[in-house]
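**Q**
Protein chains: 2
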Amino acid sequence: MIVKLDASASIFYGAAVTEKATPSPQAIKAWARLMRVSRQLVESAEDALKAGGLPPLAWYDVLHELAEAGEAGLRPFQLTERTLFAQYNISRLLARLEADGLVEKLPVADDGRGQTIRITAKGLEMRRRMWDVYGRSIAELVGVRLSPDELNTVSALLGRLRHPPASD
Amino acid sequence: MIVKLDASASIFYGAAVTEKATPSPQAIKAWARLMRVSRQLVESAEDALKAGGLPPLAWYDVLHELAEAGEAGLRPFQLTERTLFAQYNISRLLARLEADGLVEKLPVADDGRGQTIRITAKGLEMRRRMWDVYGRSIAELVGVRLSPDELNTVSALLGRLRHPPASD
DNA sequence: TCTATATAGATGCATATGCATTGATCGTCA
DNA sequence: TGACGATCAATGCATATGCATCTATATAGA
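Each protein sequence line maps, in turn, to chains A and B.
The first sequence begins at 186 in this note's numbering and counts up by one.
The second sequence begins at 186 in this note's numbering and counts up by one.
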């Protein structure tokens, strides 16, 4: 899943026919960097959480979404949209969060299939504790290494790799 | 494991004391983009491989390293260093690769504990077929969306987030 | 040489994930 | 209204991963 791609295959780049859509050396390098760096960063952040006796990053993502949603809560399918987790992963993650008392599942009035997930006080507290550690990781791993301008550049360029592209 | 971080907590950034190491809004945004985009890209590439009836990206990484190493092969612990996979993951991945005839395990003369992993002809062929698909994904997902200069900028900035930092 | 410690790699067990499918309800359309 | 396809969420089963530990060999030190 990582790095060191096929730079060799690109000797002829810029030459005539590229029927196999071989990526440019620049594209390969950027891809490789992106893969490796993102993995390293995730790993570092996960390690920090683990060292603090806290749950994995996935929990933070969900708790954060739910915290933003407030009292109204969110439906599970909305969480899958916002987080990129698969439906069954959200389903099971919510089961764990509920078991830990961090969220509660409420029936939803106008749709008998669904439920609304709402974060509990305990969940908010957990999110806060996770952010203390997670935020520190972000500051150390990213905030300290690049200037604000450079960070904006990274955001803008990565935004264009998104689906759908984002320019802000 | 993804996105939409705590932008709110950063209202006071730039103000006096930041004892909790709260990251800047720019850092948070860049981090969020990095997390989300890298996941999307990996997912797209994995999907493409799957659609082609090919093994996951992790296999490619290992096969690529072994292809570069050539006849001499590599020791498993060298693969763990180069790929960032955990030791037990390499151990099991190699078992699968061997079962598929893509690599072979050779005893190593001067260390009775170890083995040398060498890629087979079948393994080289598999790597090539995977690259056809993987390379195409890179071209489409990254190569087409940013200019060569922009790709270089991304590589350079991400390089500074690496451990250890890389400047090239 | 004998013992202790370190390193290479594999593995048992618990947990997590992917995939396919299910049960339940909803919305639409005849 | 009744039937049918779509959507929401959960789950059985197979596979993958994390963690701790194990075996075997190597290395260092008394």
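Idealized CB from N, CA, C, for every residue including glycine.
Quick caveat: nothing in here was measured; it's all calculated off a predicted structure.
(1) Cutting at 6 Å between CB atoms, please list the residues of its own chain near A/Thr268, excluding the five before and the five after it.
(2) In chain order, what residues of the same chain lie with their CB nearer than 7 Å to the CB of A/Val318, ignoring the 5 residues before and after it?
(3) Going along the chain, which residues of its own chain have a beta-carbon closer than 8 Å to the beta-carbon of B/Ser352, five neighbours each way excluded?
(4) Any beta-carbon of chain B closer than 9 Å to the one on A/Met311?
(5) Chain A beta carbons: is any one of them nearer than 9 Å to that of B/Thr338?
(6) Below 8 Å CB to CB, which residues in the same chain sit around A/Glu283 once its five sequence neighbours on both sides are set aside?
(7) Buried or exposed for A/Pro349, going by 16 or more other Cβ atoms inside 10 Å?
(8) Is there a Cβ of chain A sitting closer than 9 Å to that of B/Pro240, yes or no?
(9) Suppose contacts are defined by Cβ-Cβ distances below 9 Å. Is B/Trp216 in contact with A/Ile304 by that definition?
(10) Confirm, please, whether the CB-CB distance from B/Gly328 to A/Ser209 is below 9 Å.
(11) Of the choices A/Thr338, A/Leu248 and A/Pro333, whose alpha-carbon is the least far from that of A/Lys307?
(12) Less than 6 Å between C-beta atoms, sequence neighbours within five positions excluded: which residues of the same chain meet that for A/Met311?
(13) Mind checking the stretch 213-228 of chain B against chain A and listing, in chain order, the residues whose C-beta falls within less than 9 Å of any C-beta there?
(14) Measure the C-alpha to C-alpha separation of B/Ala254 and B/Ile302 and round it to an integer number of angstroms.
(15) Tell me which residue opens and which closes the beta strand (DSSP E) that B/Leu291 is part of.
(16) Under DSSP, the alpha helix (DSSP H) around B/Arg277 begins and ends at which residues?
(17) Please name the residue in B/Arg314, B/Phe262 and B/Pro241 whose C-alpha comes closest to that of B/Arg281.
(18) In terms of residue numbering, what span does the alpha helix (DSSP H) encompassing B/Thr338 cover?
(19) Between B/Pro261 and A/Gln211, which are expected to be in contact by the criterion C-beta below 8 Å, what is the C-beta distance as a whole number of angstroms?
(20) Three-state secondary structure (DSSP) at A/Leu251?
(21) Are the C-beta atoms of A/Leu331 and some chain B residue less than 9 Å apart?
(22) Quick one, are the C-beta atoms of A/Arg321 and B/Ala206 less than 9 Å apart?
(23) For the stretch 316-331 of chain B, which residues have a beta carbon sitting closer than 9 Å to at least one beta carbon of chain A?
(24) Of all the options B/Met220, B/Glu231 and B/Arg224, which has the alpha carbon lying nearest to the alpha carbon of B/Trp316?
(25) Compute the Euclidean distance between the alpha carbons of B/Leu251 and A/Ile213, then round it to the nearest angstrom.
(26) Quick check: what's the CA-CA separation for A/Leu278 versus A/Phe270?
(27) Tell me which residues share the same chain as B/Leu309 and place their Cβ nearer than 7 Å to its Cβ, disregarding the 5 neighbours each side in the sequence.
(28) Could you please give me the residues that DSSP links to B/Leu259 through a beta bridge?
(29) Tell me whether A/Ser352 sits in a helix, a strand or coil according to DSSP, three-state version.
(30) Check the Cβ of B/Arg303 against every Cβ in chain A and list those closer than 7 Å, keeping chain order.
(31) So that I know if they touch, is there some Cβ in chain A lying closer than 9 Å to that of B/Arg281?
(32) At least one CB of chain A closer than 9 Å to the CB of B/Ala294: is that the case?
(33) With a threshold of 9 Å between beta carbons, is A/His348 in contact with chain B?
(34) Is it the case that the Cβ atoms of A/Ser229 and A/Leu326 are separated by a distance below 9 Å?
**A** The structure says:
(1) As a first step, residue 268 of chain A is located in the first sequence; it is residue number 83 there, counting from the start. These residues qualify, in order along the chain: Asp246.
(2) One-based indexing of the first sequence puts residue 318 of chain A at position 133. Around A/Val318: Ala233, Leu234, Gly237 and Leu239.
(3) The count along the second sequence starts at 1 and reaches residue 352 of chain B at position 167. Ala341, Gly344 and Arg345.
(4) To locate residue 311 of chain A, count along the first sequence from 1; it is residue 126. Put simply, the CB of A/Met311 is far from chain B, with every gap to its CB atoms at 9 Å or more.
(5) Indexing the second sequence from 1 puts residue 338 of chain B at position 153. Closer than 9 Å to some Cβ of chain A, the Cβ of B/Thr338 qualifies, so yes.
(6) For the purposes of this step, residue 283 of chain A is identified with residue 98 of the first sequence, where counting begins at 1. Once the five neighbours on either side are set aside, the close Cβ partners of A/Glu283 are Glu289 and Lys290.
(7) Position 164 of the first sequence, counted from the start, is the residue given in the question as residue 349 of chain A. That one is exposed.
(8) In the second sequence, counting from the first residue as 1, residue 240 of chain B sits at position 55. Answer no: the Cβ-Cβ gap between B/Pro240 and chain A never drops below 9 Å.
(9) Taking the second sequence and counting its residues from 1, the one referred to as residue 216 of chain B is at position 31. Taking the first sequence and counting its residues from 1, the one referred to as residue 304 of chain A is at position 119. It is not a contact, given that the beta carbons lie outside the stated cut-off.
(10) The sequence position of residue 209 of chain A within the first sequence is 24, counting from 1. The sequence position of residue 328 of chain B within the second sequence is 143, counting from 1. The answer is yes: Cβ separation under 9 Å.
(11) If you number the first sequence from 1, residue 307 of chain A lands on position 122. Taking only the C-alpha atoms, the option nearest A/Lys307 is A/Leu248.
(12) Translated into the one-based positions of the first sequence, residue 311 of chain A becomes position 126. Result list for A/Met311: Leu287, in chain order.
(13) Ile213, Lys214, Ala215, Trp216, Ala217, Arg218, Leu219, Met220, Arg221, Val222, Ser223, Arg224, Gln225, Leu226, Val227 and Glu228
(14) Along the second sequence, one-based indexing puts residue 254 of chain B at 69. Along the second sequence, one-based indexing puts residue 302 of chain B at 117. Their backbone Cα atoms lie some 10 Å apart in a straight line.
(15) What you label residue 291 of chain B is simply residue 106 of the second sequence in a count that begins at 1. From DSSP, the beta strand (DSSP E) with B/Leu291 extends over Val288 to Pro292.
(16) Against the second sequence, residue 277 of chain B aligns to sequence position 92. Taken as a continuous stretch (DSSP letters only), the alpha helix (DSSP H) holding B/Arg277 covers Gln272 to Ala284.
(17) Within the second sequence, the letter at position 96 stands for residue 281 of chain B. A check of alpha carbon separations from B/Arg281 across B/Arg314, B/Phe262 and B/Pro241 identifies B/Pro241 as the nearest.
(18) Position 153 of the second sequence, counting from 1, holds the residue named residue 338 of chain B. Element bounds for B/Thr338: Pro333 to Gly344.
(19) By 1-based counting over the second sequence, the position of residue 261 of chain B is 76. By 1-based counting over the first sequence, the position of residue 211 of chain A is 26. Not confirmed; about 32 Å, so no contact.
(20) Taking the first residue of the first sequence as 1, we reach residue 251 of chain A at position 66. Helix at A/Leu251.
(21) In the first sequence, the residue the question calls residue 331 of chain A occupies position 146. Nearest CB-CB separation between A/Leu331 and chain B: below the 9 Å threshold.
(22) Position 136 of the first sequence holds residue 321 of chain A. Position 21 of the second sequence holds residue 206 of chain B. Yes, the pair counts as a contact, with Cβ atoms nearer than the cut-off.
(23) Trp316, Asp317, Tyr319, Gly320, Arg321, Ser322, Ile323, Ala324, Glu325, Leu326, Val327, Gly328, Val329, Arg330 and Leu331
(24) For this step, residue 316 of chain B is matched to residue 131 along the second sequence. Nearest C-alpha to B/Trp316: B/Glu231.
(25) What you label residue 251 of chain B is simply residue 66 of the second sequence in a count that begins at 1. What you label residue 213 of chain A is simply residue 28 of the first sequence in a count that begins at 1. Roughly 18 Å between the two C-alpha positions.
(26) As a first step, residue 278 of chain A must be located in the first sequence, where it is residue number 93. As a first step, residue 270 of chain A must be located in the first sequence, where it is residue number 85. Their Cα atoms are separated by approximately 10 Å.
(27) In the second sequence, counting from the first residue as 1, residue 309 of chain B sits at position 124. Once the five neighbours on either side are set aside, the close Cβ partners of B/Leu309 are Ala252.
(28) Within the second sequence, the letter at position 74 stands for residue 259 of chain B. The partner list for B/Leu259 (beta bridge, DSSP) reads B/Ile302.
(29) Along the first sequence, read from residue 1 onward, the residue named residue 352 of chain A stands at position 167. Note: A/Ser352 maps to coil in three-state DSSP.
(30) In the second sequence, counting from the first residue as 1, residue 303 of chain B sits at position 118. Here the premise fails: no neighbours, minimum Cβ distance about 18 Å.
(31) As a first step, residue 281 of chain B must be located in the second sequence, where it is residue number 96. No, B/Arg281 does not count as interfacial toward chain A.
(32) For this step, residue 294 of chain B is matched to residue 109 along the second sequence. Chain A contact via Cβ: absent.
(33) Counting from one through the first sequence, the residue named residue 348 of chain A turns up at place 163. Between A/His348 and chain B, the shortest Cβ-Cβ separation is below 9 Å.
(34) As a working mapping, residue 229 of chain A is identified with position 44 in the first sequence. As a working mapping, residue 326 of chain A is identified with position 141 in the first sequence. Less than 9 Å divides the Cβ of A/Ser229 from the Cβ of A/Leu326.
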